[in-house]
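Student: Residue numbers (this note's numbering): 18 to 403. First, the structure itself, so that you have it in front of you.
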Amino acid sequence: MARVILSPPGRPAVPVHVWSREPPPAAVAQLERIAAQPYVIGHVAGMPDLHVAHGVAVGTVFATDGVVVPSALGGDLGCGVMAVQLDLPAQALGRRGLQRILAGWVARIPVGDAVHRGKGATAPSDLLTQPLSTSSLEHARERLVRRQLGTLGGGNHFVELDRDMSGAVWLLVHSGSRGLGSAVGAHHLRAAESSGLGDVPGLSVDSDPGRACLADMSWALAFASANREALLASAALVVQEVAGATPDPSTRIDVHHNFVREEEHLGCKAWIHRKGAIAAPAGARVLIPGSMGTASYLALGLGEATSFASASHGAGRVMTRREARERIRVDRLARSMRRVVHDERRAPALVEEAPEAYREITEVLEDEVDLVRPIQRLEPLVVLKG
């Protein structure tokens, strides 16, 4: 159950609920700062994968009455995980087959800062025609949308094949809105900083800047989902060429984080902000990924009211990228990844994403037992990291 952390005496604030057994003190301070903002209503929730980030902690969920807070939505708007089951038993994939799949992904899927060359991917028409709030954002879209659609990006983004408890194979992709979403977020953060409310500035949704922010962010979420669709299609095509497997569309799941949405909570409509957190309404299927060497989980949301029907978006970092580079050697990474096919040539860079840089996913699930119910454990077989 949630633990309530009282705000410092004399500081006007709503309560803070945290689902982490050992919340980082600096992240708790970030939660308390949000709780002191004049636009926050009800309480603030911290998820089990809570950790410090720029401005607002990852794993922060809160409600406002008519205010959108750009800095509380992360730098990768609409980032998320999409998954689909394949008509393929895991036992049909030997290590050599998995290595061929990885090689195919490396050849076809741009990672890190890489983008498509030439004309790029074919983008859905609505992504090209929906108005954006400034000419500079529209110019950025014209220049980048086809080049970035179907690209992975860096950091903790991934493409992987997993095996569930029955031996079935799942294809997972984790990515978001890439540089375009970052440009949208940065633009509206500047607008909030120049005229917003509070010292974590927010914009009234009834103002021109607030309406523009919501519209542009809606576009960024649509682009992020389309990006995952394109990645899933590219990755599935490789698996089909290697193993003859095709996806079952009825099993498809798409779960995003880093977004704001108007929902019914606290007996009224409110704008729910989720940074590094997912919506987990009662009965909804959700995905909670672990690290690249540990299990991910398919789960059912429980709609817990005090979390604003939210849950963790993953395992959560326990080391910064710098700390991981300083503490984790390549040979330790190799031992932790010995059962998972991965690009060993990139090991010096991949130490940032080593399993020990993340919290143990089973602990995260134990801490959010009242938020989600796990129904499938997905063990990684092969992974391509950003």
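Beta carbons are placed, not taken as given, at the ideal position from N, Cα and C, and that holds for glycine.
Under the three-state reduction of DSSP, which class applies to C230: helix, strand or coil?
Tutor: Working through the sequence shown from its first residue, we reach residue 230 at position 213. The answer is helix: DSSP assigns C230 an H, G or I state.
Student: Determine, for A100, whether the minimum Cβ-Cβ distance to residues of chain D falls below 9 Å.
Tutor: The structure shown contains no chain D, having only a single protein chain.
Student: Can you grab the Cα-Cα spacing for the pair D181 / R160, in whole Å?
Tutor: The sequence position of residue 181 within the sequence shown is 164, counting from 1. The sequence position of residue 160 within the sequence shown is 143, counting from 1. So the two alpha carbons sit approximately 40 Å from each other.
Student: Given H282, which residues of its chain have a CB within under 8 Å of its CB, disregarding the five upstream and five downstream residues?
Tutor: The residue you call residue 282 lines up with position 265 of the sequence shown. Here the set comprises G59, A80, I289, A322, F325, A326.
Student: Short check: CB of L94 to CB of G202, under 9 Å?
Tutor: If you number the sequence shown from 1, residue 94 lands on position 77. If you number the sequence shown from 1, residue 202 lands on position 185. Yes, the pair counts as a contact, with Cβ atoms nearer than the cut-off.
Student: Which of the three DSSP states, helix, strand or coil, is assigned to D104?
Tutor: Position 87 of the sequence shown, counted from the start, is the residue given in the question as residue 104. In this structure, D104 counts as strand in the three-state DSSP scheme.
Student: Please state if the CB of A316 and the CB of I392 are separated by a distance shorter than 9 Å.
Tutor: In the sequence shown, the residue the question calls residue 392 occupies position 375. In the sequence shown, the residue the question calls residue 316 occupies position 299. Closer than 9 Å, so yes.
Student: Is the beta carbon of D82 sitting closer than 9 Å to the one on A287?
Tutor: Taking the sequence shown and counting its residues from 1, the one referred to as residue 82 is at position 65. Taking the sequence shown and counting its residues from 1, the one referred to as residue 287 is at position 270. Yes; because the gap between Cβ atoms is below 9 Å, this pair is in contact.
Student: Are there 16 or more other CB atoms within 10 angstroms of the CB of P127, so buried, or fewer, so exposed?
Tutor: Taking the first residue of the sequence shown as position 1, residue 127 is located at position 110. It is buried - the Cβ of P127 has at least 16 other Cβ atoms within 10 Å.
Student: Could you compute how far the alpha carbon of S153 sits from the alpha carbon of P40?
Tutor: Here residue 153 refers to the residue found at position 136 when the sequence shown is read from its first residue. Here residue 40 refers to the residue found at position 23 when the sequence shown is read from its first residue. Going by the C-alpha atoms only, they are around 40 Å apart.
Student: When you compare only the Cα positions, how much space is there between A62 and V190?
Tutor: Translated into the one-based positions of the sequence shown, residue 62 becomes position 45. Translated into the one-based positions of the sequence shown, residue 190 becomes position 173. If I take the Cα positions, the gap works out to 27 Å.
Student: I'd like the list of long-range same chain contacts for L350, defined as Cβ closer than 7 Å, with 5 residues on each side in sequence excluded.
Tutor: Residue mapping note: residue 350 aligns to position 333 of the sequence shown, counting from 1. Within the same chain, L350 has close Cβ partners A364, L367, V368, A371.
Student: If you follow the alpha helix (DSSP H) that I345 is part of, which residue opens it and which one closes it?
Tutor: What you label residue 345 is simply residue 328 of the sequence shown in a count that begins at 1. It is not in any alpha helix (DSSP H) - I345 carries neither H nor E in the DSSP assignment.
Student: Mind checking S308: buried by the 16 CB within 10 Å criterion, or exposed?
Tutor: Here residue 308 is taken as the residue at index 291 of the sequence shown, counted from 1. Burial call: buried.
Student: Is the distance from the Cβ of A200 to the Cβ of C96 below 9 Å?
Tutor: Residue numbering aside, residue 200 sits at position 183 when the sequence shown is read from its first letter. Residue numbering aside, residue 96 sits at position 79 when the sequence shown is read from its first letter. No.
Student: My output table needs one value for A287: the three-state DSSP class, helix, strand or coil.
Tutor: For the purposes of this step, residue 287 is identified with residue 270 of the sequence shown, where counting begins at 1. A287: strand per DSSP, three-state reduction.
Student: Beta carbon of V217, beta carbon of V45: below 9 Å?
Tutor: Along the sequence shown, read from residue 1 onward, the residue named residue 217 stands at position 200. Along the sequence shown, read from residue 1 onward, the residue named residue 45 stands at position 28. The answer is no: Cβ separation not under 9 Å.
Student: What residue range is occupied by the uninterrupted beta strand (DSSP E) comprising G196?
Tutor: In the sequence shown, the residue the question calls residue 196 occupies position 179. That residue, G196, is in no beta strand (DSSP E); its alpha helix (DSSP H) goes 195-212.
Student: At which residue ranges does the segment 137-185 contain complete alpha helix (DSSP H) runs of 4 or more residues, listed in the order of the chain?
Tutor: The qualifying runs are 142-146, 152-165.
Student: Look at the Cβ atom of A262, then the Cβ atom of A250, and state whether they are nearer than 9 Å.
Tutor: Mapped onto the sequence shown, residue 262 falls at position 245. Mapped onto the sequence shown, residue 250 falls at position 233. For A262 and A250, no; Cβs fall outside 9 Å.
Student: Can you tell which of A30, G76, R50, A232 has its C-alpha closest to the C-alpha of R334?
Tutor: In the sequence shown, the residue the question calls residue 334 occupies position 317. Here the closest residue by C-alpha is G76.
Student: Taking A52 as the reference, which of G215, H359, K136, V303 has the closest Cα?
Tutor: Position 35 of the sequence shown, counted from the start, is the residue given in the question as residue 52. It is G215 whose Cα lies nearest to the Cα of A52.
Student: Whole angstroms is fine: what's the gap from V69's alpha carbon to N244's?
Tutor: Here residue 69 is taken as the residue at index 52 of the sequence shown, counted from 1. Here residue 244 is taken as the residue at index 227 of the sequence shown, counted from 1. Near 27 Å, if we compare the C-alpha coordinates of N244 and V69.
Student: If we require 3 or more residues per run, which beta strand (DSSP E) segments fall completely within the segment 64-136?
Tutor: If we require 3 residues or more, the beta strand (DSSP E) runs fully inside the segment 64-136 come out as 75-81, 97-106.
Student: What whole-angstrom Cβ distance do S353 and E373 have, given they're in contact under 8 Å?
Tutor: Here residue 353 refers to the residue found at position 336 of the sequence shown. Here residue 373 refers to the residue found at position 356 of the sequence shown. Yes, they are in contact, since the Cβ atoms of S353 and E373 sit about 7 Å apart, within 8 Å.
Student: What do you get for L145, buried or exposed, if any count of 16 or more other CB atoms within 10 angstroms of its CB means buried?
Tutor: On the sequence shown, position 128 is the one that residue 145 refers to. Exposed, by the Cβ-count rule.
Student: Can you tell which of F175, M99, I345, E343 has its C-alpha closest to the C-alpha of G403?
Tutor: Locating residue 403 in the sequence shown gives position 386, where the first residue counts as 1. Among F175, M99, I345, E343, the Cα nearest to that of G403 is on F175.
Student: Looking only at its own chain, which residues have a Cβ that is under 6 Å from the Cβ of R338, when we skip the five neighbours before and after it?
Tutor: In the sequence shown, the residue the question calls residue 338 occupies position 321. Same-chain partners within the cutoff: E369.
Student: Check for me: the alpha helix (DSSP H) holding R376 runs from which residue to which?
Tutor: Residue numbering aside, residue 376 sits at position 359 when the sequence shown is read from its first letter. Taken as a continuous stretch (DSSP letters only), R376 belongs to no alpha helix (DSSP H), as it is neither H nor E.
Student: With a threshold of 16 other CB atoms inside 10 Å of the CB of E258, please say whether the residue is buried or exposed.
Tutor: Here residue 258 refers to the residue found at position 241 when the sequence shown is read from its first residue. So E258 counts as exposed.
Student: Would you report the Cα separation of Q165 and A157, rounded to the nearest angstrom?
Tutor: The residue given as residue 165 occupies position 148 in the sequence shown. The residue given as residue 157 occupies position 140 in the sequence shown. Computed Cα separation, rounded: 11 Å.
Student: How about the segment 112-131 and the segment 217-226: do they share at least three Cβ pairs that are nearer than 8 Å?
Tutor: Touching, no.
Student: When the Cα of V358 is compared with those of E396, A328, R344, which residue comes out closest?
Tutor: As a first step, residue 358 must be located in the sequence shown, where it is residue number 341. The candidate whose alpha carbon is nearest that of V358 is E396.
Student: Looking only at C-alpha atoms, which of E246, L319, P266, Y375 sits nearest to G310?
Tutor: Taking the sequence shown and counting its residues from 1, the one referred to as residue 310 is at position 293. Nearest option by C-alpha distance: Y375.
Student: Mapping DSSP to helix, strand and coil, what is S313?
Tutor: Indexing the sequence shown from 1 puts residue 313 at position 296. Residue state, collapsed to three classes: strand.
Student: Return the chain-ordered list of same chain residues with a C-beta closer than 7 Å to the C-beta of A138, the five sequence neighbours on each side being excluded.
Tutor: In the sequence shown, the residue the question calls residue 138 occupies position 121. Excluding sequence neighbours, A138 sits near R163, L166, G167, A247.
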